[in-house]
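Student: Take this structure, written in structure tokens, and hold onto it; I'll ask about it next.
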Amino acid sequence: MDNLALATILVPIAGAVLTMFCPKGAGKWLGVLFSALGTIGAACVAYAFHTGGRVATTYELLKFGDTVIFGLTIDSVSTLIGFAVVSLGFLVVVYSAVYLTYEHREHPHAARPRYYAFLLVFIGAMAGLVYSSTLIGQLVFFEITGGCSWGLISYYEDQKGIRGAMRALIITHIASLGLYIAAAFLFSSTGTFSIDAIANLDGSTKTIVLLGIMIAAWGKSAQFPMHVWLPDAMEAPTPISAYLHAASMVKVGVFIFARAIMSAGGVPEVIAWVGVIMAMVTMIFGFIQYLPQKDMKRLLAYSTITQLAYMFLALSLGAMGSEMAFKGGIAHVFNHAYAKSLFFLLAGVFSYSFGTRQLPEIRGLLAKVPLLGISFCVGAMAIGGVPPFGLFFSKFAIFSGGFQLVTGHIWLLPLLIIALIESVAAFAWFLMWFGKTVPGEPSEAVASAIPIPWAMKAVLVVLIIMSVASSFIAAAWLG
Numbered sequence: 206m207d208n209l210a211l212a213t214i215l216v217p218i219a220g221a222v223l224t225m226f227c228p229k230g231a232g233k234w235l236g237v238l239f240s241a242l243g244t245i246g247a248a249c250v251a252y253a254f255h256t257g258g259r260v261a262t263t264y265e266l267l268k269f270g271d272t273v274i275f276g277l278t279i280d281s282v283s284t285l286i287g288f289a290v291v292s293l294g295f296l297v298v299v300y301s302a303v304y305l306t307y308e309h310r311e312h313p314h315a316a317r318p319r320y321y322a323f324l325l326v327f328i329g330a331m332a333g334l335v336y337s338s339t340l341i342g343q344l345v346f347f348e349i350t351g352g353c354s355w356g357l358i359s360y361y362e363d364q365k366g367i368r369g370a371m372r373a374l375i376i377t378h379i380a381s382l383g384l385y386i387a388a389a390f391l392f393s394s395t396g397t398f399s400i401d402a403i404a405n406l407d408g409s410t411k412t413i414v415l416l417g418i419m420i421a422a423w424g425k426s427a428q429f430p431m432h433v434w435l436p437d438a439m440e441a442p443t444p445i446s447a448y449l450h451a452a453s454m455v456k457v458g459v460f461i462f463a464r465a466i467m468s469a470g471g472v473p474e475v476i477a478w479v480g481v482i483m484a485m486v487t488m489i490f491g492f493i494q495y496l497p498q499k500d501m502k503r504l505l506a507y508s509t510i511t512q513l514a515y516m517f518l519a520l521s522l523g524a525m526g527s528e529m530a531f532k533g534g535i536a537h538v539f540n541h542a543y544a545k546s547l548f549f550l551l552a553g554v555f556s557y558s559f560g561t562r563q564l565p566e567i568r569g570l571l572a573k574v575p576l577l578g579i580s581f582c583v584g585a586m587a588i589g590g591v592p593p594f595g596l597f598f599s600k601f602a603i604f605s606g607g608f609q610l611v612t613g614h615i616w617l618l619p620l621l622i623i624a625l626i627e628s629v630a631a632f633a634w635f636l637m638w639f640g641k642t643v644p645g646e647p648s649e650a651v652a653s654a655i656p657i658p659w660a661m662k663a664v665l666v667v668l669i670i671m672s673v674a675s676s677f678i679a680a681a682w683l684g
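Structure (structure tokens):
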């Protein structure tokens, strides 16, 4: 499994190097090839883990003396999330191959090789971070994803994109200082960078290490008050918004916090309290902010902030002792990645075919392009947490675990009720936009739509299927 996991990391990065030296037109084909190979590698890792008895295993790959610098952890969580981030990278590359063309009505442009190079490095770095068994490994890949996000957000090289890219890079880099501090305290206390060593720390040192990881997680996952970079990052090409800002980069923070909790052998109560309170603040703030949005991508950006808050709420409830809430949070990462990618890539189709993603200008989707109407319906119901879509089941687990804790922590009750209200209100808001955009006579923008490439349609169909199937996959895999 270690060789398969290492190949999943290195193959896309090797593809990025080749892409930079290839002719312009060949970049997309190399991108598709190497992202597909990475996806096969992630699937093989998961298969090997499953057939090997599903025993969590850590491999030491790089040592300096007796200190492990980099290793791989293969378990149910890393294999599930690893497959999600790599497979979605492949779907985004396929989508990008037909999205970034001169036929695009809003942004006529043929992708340069560096677009696919940055994207492939990002895919490899995400796999590396998910499989990493050390804080140093996480930190290296954390910073690589930050650099790639800068290159991809600013890809169009306009002022808004460059400003949004710099803001994302600066804020996430400042947040990464928490990971530096955590690594330093862990090494000074245990002589190792292994994440599993967190369990050997005394109470005060463990609190510092976990708080440092939490701060890094907040920055990468756009949690209040470090959320401000995400809406501005919507200046990126829409496939990048779907991958970085729905499926992968924003999940980095959630994942490193989850890995720390899994390895801590008991979490100080103050960490759980801070996690719950900040998750609720972010959830309420994000919901209020996306109410006035008319640009579909900015609406989805603020919606993503609130969904990430649900994940932090779940992990914090897990830190308080609820295994159900913790597993629900991991499943929510998996479910949300596919459902929100569907919604973001749908916004890209609007931009490509209609020349706009302003929701008030879009009406009559079902009459003109039924697949887009169905995609909007599925996206709205999935994000709103309606059965049988994935986010319903993961939210159910989160709330069930949370209410089980209320008997010993009565202060959780009003917070969980607020979260329930937000969930219902969010669905009502998406339902309102569904009523305005999907039925009725086509608006001028929709009526003048240009044909949608088959690759875009195929990606939307896959994501529609995964928006239903993801919860069953996650539940079966996590047990």
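Position 415 of the sequence shown, counting from 1, maps to 620 under this note's numbering, and the rest follow consecutively.
Just so you know, even glycine gets a beta-carbon here, dropped at the ideal spot from N, CA and C.
The model shown is predicted, which means the values in this text are computed figures rather than measured ones.
Using a 10 Å radius around the Cβ and a threshold of 16 neighbouring Cβ atoms, would you call F254 buried or exposed?
Tutor: The residue labelled residue 254 in the question sits at position 49 within the sequence shown. So F254 ends up on the buried side.
Student: Taking Y336 as the reference, give the member of F460, G526 and K233 with the closest Cα.
Tutor: Your numbering for residue 336 matches position 131 in the sequence shown. Comparing Cα positions, the closest option is F460.
Student: Report the three-state DSSP secondary structure of V291 (helix, strand or coil).
Tutor: Position 86 of the sequence shown holds residue 291. Here V291 sits in helix by DSSP.
Student: In whole angstroms, what separates the C-alpha of A530 from that of A519?
Tutor: Residue 530 sits at position 325 when you count from the first residue of the sequence shown. Residue 519 sits at position 314 when you count from the first residue of the sequence shown. Looking at the two C-alpha atoms, the distance is approximately 5 Å.
Student: Is V643 helix, strand or coil by DSSP?
Tutor: Residue mapping note: residue 643 aligns to position 438 of the sequence shown, counting from 1. V643: coil per DSSP, three-state reduction.
Student: Can you tell me whether S338 is helix, strand or coil according to DSSP?
Tutor: One-based indexing of the sequence shown puts residue 338 at position 133. Reduced to three states, the DSSP call for S338 is coil.
Student: Helix, strand or coil: how does DSSP classify E348 here?
Tutor: As a position in the sequence shown, residue 348 is number 143, starting the count at 1. E348 sits in a helix when the DSSP states are folded into three classes.
Student: Going by DSSP, what residues sit across from V273 in a beta bridge?
Tutor: Numbered from 1 along the sequence shown, position 68 holds the residue referred to as residue 273. Looking at the DSSP assignment, V273 forms a beta bridge with K268.
Student: So, with DSSP's three-state summary, where would you put I567?
Tutor: The residue you call residue 567 lines up with position 362 of the sequence shown. In the structure shown, I567 sits in coil (DSSP, three-state: anything other than H, G, I, E or B).
Student: Of the residues I466, S283 and A330, which one's Cα is nearest the Cα of M454?
Tutor: As a first step, residue 454 must be located in the sequence shown, where it is residue number 249. It is A330 whose Cα lies nearest to the Cα of M454.
Student: For T256, which three-state DSSP category applies?
Tutor: As a position in the sequence shown, residue 256 is number 51, starting the count at 1. Three-state result, T256: helix.
Student: So L547 packs on L668, CB below 8 Å; how close in whole Å?
Tutor: Walking along the sequence shown from the start, residue 547 turns up at place 342. Walking along the sequence shown from the start, residue 668 turns up at place 463. Indeed, because the Cβ distance is near 4 Å, the residues count as touching under 8 Å.
Student: Express the C-alpha separation of G236 and I466 in angstroms, rounding to a whole number.
Tutor: Reading the sequence shown from its first residue, position 261 is the one you call residue 466. Reading the sequence shown from its first residue, position 31 is the one you call residue 236. Distance between I466 and G236, taken at the CA atoms: about 35 Å.
Student: Given this structure, state the Cα-to-Cα distance separating A477 from I341, to the nearest angstrom.
Tutor: By 1-based counting over the sequence shown, the position of residue 477 is 272. By 1-based counting over the sequence shown, the position of residue 341 is 136. Taking the straight line joining both Cα atoms gives about 24 Å.
Student: On the three-pair Cβ rule with 8 Å, is the region 522–529 touching the region 602–615?
Tutor: They touch, by the three-pair rule.
Student: Report the residue from A387, T377 and Y320 whose alpha carbon sits nearest the alpha carbon of S359.
Tutor: Reading the sequence shown from its first residue, position 154 is the one you call residue 359. Selected option, being the one with the closest Cα: Y320.
Student: Fully enclosed by the region 525–566, which alpha helix (DSSP H) runs are 4 residues long or longer?
Tutor: 528–554
Student: DSSP state of T509, grouped into three classes?
Tutor: Stepping through the sequence shown from its first residue, residue 509 is reached at position 304. Of the three classes helix, strand and coil, the one that applies to T509 here is helix, per DSSP.
Student: Give the DSSP-derived three-state secondary structure of D363 in the structure shown.
Tutor: For the purposes of this step, residue 363 is identified with residue 158 of the sequence shown, where counting begins at 1. Of the three classes helix, strand and coil, the one that applies to D363 here is coil, per DSSP.
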